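142 is the number that UniProt numbering gives to position 142 of the sequence shown; each next residue is one higher, with no gaps. Don't be surprised by glycine CBs; every beta carbon is placed ideally from N, CA and C. Quick caveat: nothing in here was measured; it's all calculated off a predicted structure.
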Amino acid sequence: MPKPVLLHLGDDVQWNRDLYNKLQERFNIMRSYSMNREDFKNALSHNRFGDFAAIYRPFWNTGGEMGAWDEEFISLLPRSCKIYASAGAGFDWVDTQRLARRGIIYCNSAPACTESVADTAIWLILNAFRNFTWSSSAARSLDPGKFREAHQDIAATTHNPNGFSLGIIGLGKIGYRIAQKAHVAFEMKIIYNDVNRLPESVEKGVSAQYYENLDDMLADSDCVLLATPFVGEKVMNAERFAKMKRGSRFVNIARGKLVDEVSLLAALKSGHLAFAGLDVHYDEPNVNPDLARLPQVELLSHTAGASLESHMGFEKIGLQNILSFFDTGKAITPVNLQWLSQPKL
Ligand SMILES: O=C(O)C(=O)CO
Numbered sequence: 001m002p003k004p005v006l007l008h009l010g011d012d013v014q015w016n017r018d019l020y021n022k023l024q025e026r027f028n029i030m031r032s033y034s035m036n037r038e039d040f041k042n043a044l045s046h047n048r049f050g051d052f053a054a055i056y057r058p059f060w061n062t063g064g065e066m067g068a069w070d071e072e073f074i075s076l077l078p079r080s081c082k083i084y085a086s087a088g089a090g091f092d093w094v095d096t097q098r099l100a101r102r103g104i105i106y107c108n109s110a111p112a113c114t115e116s117v118a119d120t121a122i123w124l125i126l127n128a129f130r131n132f133t134w135s136s137s138a139a140r141s142l143d144p145g146k147f148r149e150a151h152q153d154i155a156a157t158t159h160n161p162n163g164f165s166l167g168i169i170g171l172g173k174i175g176y177r178i179a180q181k182a183h184v185a186f187e188m189k190i191i192y193n194d195v196n197r198l199p200e201s202v203e204k205g206v207s208a209q210y211y212e213n214l215d216d217m218l219a220d221s222d223c224v225l226l227a228t229p230f231v232g233e234k235v236m237n238a239e240r241f242a243k244m245k246r247g248s249r250f251v252n253i254a255r256g257k258l259v260d261e262v263s264l265l266a267a268l269k270s271g272h273l274a275f276a277g278l279d280v281h282y283d284e285p286n287v288n289p290d291l292a293r294l295p296q297v298e299l300l301s302h303t304a305g306a307s308l309e310s311h312m313g314f315e316k317i318g319l320q321n322i323l324s325f326f327d328t329g330k331a332i333t334p335v336n337l338q339w340l341s342q343p344k345l
């Protein structure tokens, strides 16, 4: 029997060569390297990668040059394609529902970056209470006046996070790991909103209190953390920011498109919100310049999940998903099974 074909997007695997060798034994591997959208579309239209059964993308820095995986690409995929295993937690760039309708399982590799994203969230939450951003930029300014001002005035405006409530929108695996760290390290009170309530035994692990109504949770949170996937809508808009407690804080480690940045800016400028910590932005790689000017805002370059451990894990989980699917019929971290009627080889 001829080996099935696998389309490997982007660069070589760097860290998991043994597993990749297994893939090479099992599949005929076709490579796209770093094709732009037009070239990739042409290649698909002319069946240049053959009738591939699987797609593998090893890292978020590579293999995404063709842009969004929307109907334009998905309609061109061969009927033989059954699984797409990719690096990264977020999948806002790929229409996983449309893939499912074509019988293709999409797998992310979120478990690989859980620790790294959770650590970044903790850093942003701590900063939201203590405003190290102000202290750090005053020191870096090399201006003794700014240094003295920060040294003298910061204490009157910042707090230890201990005992304050952390309101988490989306208590999935990453949200839960953040809750564990915040609960243990800072004794924060964990409250959360999600489409589904977690089992009581899981809630107990972080003494979490469920809020069915998001607005009620916003009103009770000293710091709101956004940890939910982007599914096409802004979750935080002017009305929602208005529901937050006066003087509370906002942290986003999920996706920038979940937030109306104009309303966030207004809430910060008016003093309704005390601080915002943003790993992600509405129009990446462009950052909102008005937010960047505010001292009560910390901005990162979408690096919450960026650690070597995440990179190694992304590669590995992607490879394991494909091998497991072809060995057992089951992928490890599928995210679109709810729309897939019959996932089969
Ligand atoms: O993996 C992703 O999609 C992330 O954004 C992690 O920060």
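Boundaries for Phe230: no beta strand (DSSP E) harbours it, and the DSSP string shows neither H nor E there. When only Cα atoms are considered, Phe132 and Leu126 end up about 9 Å apart. DSSP links Met30 through a beta bridge to Leu7. In the DSSP annotation of this structure, Ser86 is not part of any alpha helix (DSSP H); the continuous beta strand (DSSP E) holding it starts and ends at Ile83 to Ser86.
Ala182 sits close to Leu166, with the two beta carbons spaced by under 8 Å.
Residue side-chain check: His281 keeps its Cβ at 7 Å or more from all non-hydrogen atoms of ligand 1. Cβ atoms of Gly64 and Trp93 come within 8 Å of each other, at about 7 Å. In this structure, the CA atom of Gln180 is about 10 Å from the CA atom of Phe186. Residue side-chain check: His302 places its Cβ nearer than 7 Å to a non-hydrogen atom of ligand 1. Between the alpha carbons of Asp327 and Arg26 lies a distance of about 10 Å. In the assembly as shown, Gln296 is a buried residue. Its beta-carbon has 16 or more other beta-carbons within 10 Å. Within the segment 83-153, the runs of alpha helix (DSSP H) that reach at least 4 residues and sit entirely inside it are, in chain order, 96-101, 114-130, 132-140 and 144-153. Its Cα nearest to that of Ala139, the residue Ala150 stands out among Ala150, Ile317 and Val259.
Met312 and Lys330 have their C-alpha atoms spaced approximately 22 Å apart. A distance criterion of 7 Å places the beta-carbon of Ala118 beyond contact range of ligand 1, judged by its closest non-hydrogen atom. Excluding its 5 nearest sequence neighbours in each direction, Trp134 has C-beta neighbours in its own chain below 8 Å: Ala150, Ile154, Pro295 and Gln296, listed in chain order. Of all alpha-carbon atoms in Val206, Pro58 and Met35, the one lying nearest the alpha-carbon of Lys189 is that of Val206.
Contact between Ile105 and Phe325 holds, with the beta-carbon distance rounding to 7 Å and staying under 8 Å.
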